[in-house]
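**Student:** Just so it is clear: in the sequence shown, position 226 is 505 by the working numbering, and no numbers are missing.
Note that the Cβ used here is the ideal one computed from N, Cα and C, for glycine as well.
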Amino acid sequence: MKAEIICVGTELLVGDIVNTNSQYISKKFTDIGIDLYYQTTVGDNFERLKECLKIAFNRVDLVITTGGLGPTIDDITKEVVANYFNVDLEMIQKYYDLIIKKYNERGFFEVASGAEKEASILKGSVLLENEVGLAPGCFFEKNEKKIIILPGPPKEMTAMLDDYALPLLKKYSDSILLMKTLEIKGVPEGKIDDRLKDYFQMTNPTVAPYAKEKCVHVRVAVKGNRQKEDVLWGKVNKIINDIKDIYPQATEVK
């Protein structure tokens with residue numbers, strides 16, 4: 280399954296906050312063998328976000344959005360996705376009640392007009408519970424295209440992804456991606472290329488160098504069926520040991 284992350288929020292584009300959500304999602308998708316091909320960041324603009332969805336669904340099967348689920352006028356993610364798929368939004372009563380409760384606890388008895396939107400998900404989607412915040416997420420599928428809508432605040436996003444989204448996605452992928460990384464000191468990157476050229480041309484497993492300060496990292500990765508994890512680790516470890524024979528100073532990065 281090919282996937283793309285779309286992070287929504289003008290604050291990401293202007294540097295007000297660091298986008299840790301993409302990194303977290305990327306790691307989790309690697310663990311369950313989903314191929315993440317693209318990452319996109321877009322501001323709080325209806326037409327630009329819709330255009331991002333069009334581009335994404337022309338090249339991947341699964342899109343994950345983060346951000347834009349709140350009650351304000353610039354929280355547009357669910358509305359744009361609903362418009363793209365030509366479906367309605369439906370309010371989840373328990374989340375609306377929770378929002379009212381939070382308002383009342385703070386001494387406000389007039390609920391903001393965007394509260395109903397905040398408590399809504401796409402009609403016909405699978406509800407993803409938000410056990411940390413107020414805005415629910417959802418998983419929607421139409422015409423073999425899938426989208427997961429997650430909140431932007433990292434604590435809400437990580438909890439929803441781990442507890443609800445990933446278990447759903449595992450049903451669509453029986454693959455796993457396994458990796459180990461070696462750190463090699465005292466050798467320039469160009470020399471690494473010369474001695475490990477044959478390994479770098481492999482396709483599965485793959486071997487790739489990354490220049491670091493005062494060393495080079497070499498990552499060995501293999502993708503395969505989750506049920507054959509022992510076999511896959513055997514392939515990774517064989518290459519790791521081969522490289523250690525070539526560069527005895529190589530150490531595994533934990």
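Using DSSP bridges, identify the partner residues of D314.
**Tutor:** Looking at the DSSP assignment, D314 forms a beta bridge with K281.
**Student:** To which residues of the same chain is V515 closer than 8 Å at the C-beta, ignoring the five residues directly before and after it?
**Tutor:** These residues qualify, in order along the chain: L457, M458, K459, P484, V499, A500 and V501.
**Student:** Within 10 angstroms of the Cβ of I519, are there 16 or more other Cβ atoms? Answer buried if so, exposed if not.
**Tutor:** The residue is buried, with at least 16 neighbouring Cβ atoms inside 10 Å.
**Student:** Do the CB positions of L368 and K333 come within less than 9 Å of each other?
**Tutor:** Cβ atoms of L368 and K333: not closer than 9 Å.
**Student:** Quick one: is M481 buried, meaning 16 or more other Cβ sit within 10 Å of its Cβ, or exposed?
**Tutor:** Under this definition M481 is an exposed residue.
**Student:** Quick one, are the C-beta atoms of P415 and I427 less than 9 Å apart?
**Tutor:** Not closer than 9 Å, so no.
**Student:** Do the CB positions of T299 and D323 come within less than 9 Å of each other?
**Tutor:** Not in contact: T299 and D323 (Cβ atoms no closer than 9 Å).
**Student:** Cα-Cα, which of E395, D524 and I379 is closest to E389?
**Tutor:** Out of E395, D524 and I379, I379 has the C-alpha closest to the C-alpha of E389.
**Student:** What does a CB cutoff of less than 6 Å around L315 pick up in its chain, not counting 5 residues either side in sequence?
**Tutor:** If we look at L315 and ignore the five residues flanking it on each side, its Cβ neighbours are A282, S305 and F308.
**Student:** What's the gap between the Cα of T356 and the Cα of E435?
**Tutor:** If I take the Cα positions, the gap works out to 16 Å.
**Student:** Tell me, please, which residues DSSP counts as bridged to K464.
**Tutor:** K464 is bridged to C494.
**Student:** Can you check which of these residues, K450, T345, Y489 and P446, is closest to P467 by C-alpha distance?
**Tutor:** Considering only alpha carbons, the answer is Y489.
**Student:** How far does the beta strand (DSSP E) with I426 in it reach, from first residue to last?
**Tutor:** Segment K424 to L429, the beta strand (DSSP E) holding I426.
**Student:** Which word fits D477, buried or exposed, when buried means at least 16 other C-beta atoms lie within 10 angstroms of its C-beta?
**Tutor:** Classification of D477: exposed, given that the 10 Å Cβ count is below 16.
**Student:** Can the beta-carbon of L429 be found closer than 9 Å to that of L341?
**Tutor:** Going by C-beta atoms, L429 is not nearer than 9 Å to L341.
**Student:** Skipping 5 residues on each side, what residues in its chain have a beta carbon closer than 6 Å to that of V486?
**Tutor:** Cβ neighbours of V486 beyond the five flanking positions: Y478, F479 and V499.
**Student:** Taking the CB atoms as reference points, tell me whether I284 and I455 lie closer together than 9 Å.
**Tutor:** No, they are not a contact pair.
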